[in-house]
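**Student:** Pasting a structure here, questions to come.
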């Protein structure tokens, strides 16, 4: 084909072939020299290794374009890989610009199975997909990438991003959720997340929160275990919505009230809902209800995950309207069901009715504004 280019296009063909040889020489000098020798035998002339300037209108592909064409799973599926070991290798490779030493090590390492390499690649891609792509290309040149280039099985994988811009959050988070559903993967996964936090704490915080919350929807206990494993590895997993917490549990509040309204400080004697919430959460005592800050909104069962005792209130345009009717403040107990309908259990009080457990539905067409769970938000910390 190269000889045909010279025969057909003459000097222009020679220039193009020389340019191809020059660029090939930059990637693999040995093979380029062999190709030039074979060309000389065919054409009777030895062409130089020439790298021509890029022509007008030509531009190198962007990283985003390269990523869109790169195999998503160059090493196949990571199923069965040791994620703890893979996390250590991914961390080491993140600091390397040249993979020659790593390739030499992996070529003789008994642990360098295709699932292991797939796990390493995906952990790298989660933090820096371009670096992971370069690693896969280097491994491919070394003959060590044989995954076929397809999409990985949905048992492992990390979110793909490039400086928070090239994101595919939904499928990536779903794959991570599948990983952490297996309790054996949690130590390695949270260790990897803790390592990622050293270089990109904002991303690690967001990713850990997103994965744990998706897991919570199907397996709350597994999500809570992820939080504990994160703490053991020195990273905080933001599963729960940030807000003010009652000092006593909802059950203890009802027991303390013993049929009487709860209030204290400037609100002493009040039977209003705000008085009970301020009693339950003393740190709200010095803050007027009209100055409360709206946090995460309640969107559905288990969304967002809440700790027992979280203070909630209805907000309008980001503010709690401190008026006699149409607003309410409560202490969260748990998400649940009543009569086949989903909602949340809370402890609240109002005029004529001391603290007790109440059920607030998510879909309650006949109920007023304060009887709709979706109208509540966390009272966030300033």
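Numbering (our numbering), first residue to last: 5 to 386.
Every residue, glycine too, gets a C-beta built ideally from N, C-alpha and C.
From residue 221 to residue 291, what does the alpha carbon distance come to, in whole angstroms?
**Tutor:** 33 Å
**Student:** Using 8 Å for Cβ pairs, my map puts residue 241 next to residue 234. What's the rounded Cβ distance?
**Tutor:** Yes, they are in contact, since the Cβ atoms of residue 241 and residue 234 sit about 4 Å apart, within 8 Å.
**Student:** Taking the Cβ atom as the reference point for each residue, do residue 395 and residue 74 lie within a distance shorter than 7 Å?
**Tutor:** Because the chain here runs from 5 to 386, residue 395 falls outside it and cannot be looked at.
**Student:** In the structure shown, what three-state DSSP assignment does residue 235 receive?
**Tutor:** DSSP, reduced to helix, strand and coil, places residue 235 within a helical segment of the structure shown.
**Student:** Between which residues of its own chain and residue 21 is the CB-CB distance below 8 Å, once the five residues before and five after are set aside?
**Tutor:** 6, 9, 10, 43 and 51
**Student:** Helix, strand or coil: which one does DSSP assign to residue 345?
**Tutor:** strand
**Student:** Measure how close the beta-carbons of residue 245 and residue 382 come, nearest whole angstrom, since I'm counting them as under 8 Å.
**Tutor:** 5 Å
**Student:** Over the uninterrupted alpha helix (DSSP H) stretch that includes residue 357, give me the two end residues.
**Tutor:** Residue 357 -> not in any alpha helix (DSSP H); beta strand (DSSP E) instead, spanning 357–365.
**Student:** What are the boundary residues of the beta strand (DSSP E) that residue 297 is part of?
**Tutor:** Start and end: 297–301.
**Student:** Tell me, to the nearest whole angstrom, how far the beta carbon of residue 1 is from that of residue 131; I am working on the premise that it is less than 8 Å.
**Tutor:** Limits of the chain in this structure are 5 at one end and 386 at the other, which puts residue 1 out of reach.
**Student:** Considering only C-alpha positions, which residue in the set 65, 72, 125 and 101 is nearest to residue 83?
**Tutor:** 125
**Student:** Indicate the three-state DSSP secondary structure (helix, strand or coil) for residue 192 in the structure shown.
**Tutor:** helix
**Student:** Helix, strand or coil: which one does DSSP assign to residue 339?
**Tutor:** strand
**Student:** Just to confirm the assignment: which complete alpha helix (DSSP H) runs, minimum length 4, are found wholly within the stretch 58–96?
**Tutor:** 67–73
**Student:** If I measure Cβ to Cβ from residue 294 and keep anything under 8 Å in the same chain, skipping five residues before and after, which residues do I get?
**Tutor:** Cβ within range, chain order: 323, 324, 325 and 326.
**Student:** Identify which residue in 108, 135, 133 and 343 has its Cα closest to the Cα of residue 146.
**Tutor:** 108
**Student:** Contact between the stretch 270–277 and the stretch 301–312 is defined here as three or more beta-carbon pairs at a separation below 8 Å; is this criterion met?
**Tutor:** no
**Student:** Considering only their Cβ atoms, is the gap separating residue 313 from residue 210 smaller than 7 Å?
**Tutor:** no
**Student:** Whose CA, out of 343, 341, 334 and 354, lies closest to the CA of residue 379?
**Tutor:** 334
**Student:** Beta carbon of residue 275, beta carbon of residue 355: below 7 Å?
**Tutor:** yes
**Student:** Taking residue 348 as the reference, which of 385, 254 and 140 has the closest Cα?
**Tutor:** 254
**Student:** Within the same chain, show all residues whose beta-carbon is closer than 7 Å to that of residue 261, passing over the 5 residues directly before and after it, in chain order.
**Tutor:** Here the set comprises 358 and 359.
**Student:** If you compare alpha carbons, which of 259, 252 and 307 is closest to residue 282?
**Tutor:** 252
**Student:** According to DSSP, residue 320 sits in a beta bridge with which residue or residues?
**Tutor:** DSSP output for residue 320 lists 323 as bridge partner(s).
**Student:** Rounding to the nearest angstrom, what Cα-Cα distance links residue 77 and residue 14 in this structure?
**Tutor:** 42 Å
**Student:** Compare the C-alpha of residue 361 against each of 369, 280, 94 and 289 and name the closest.
**Tutor:** 280
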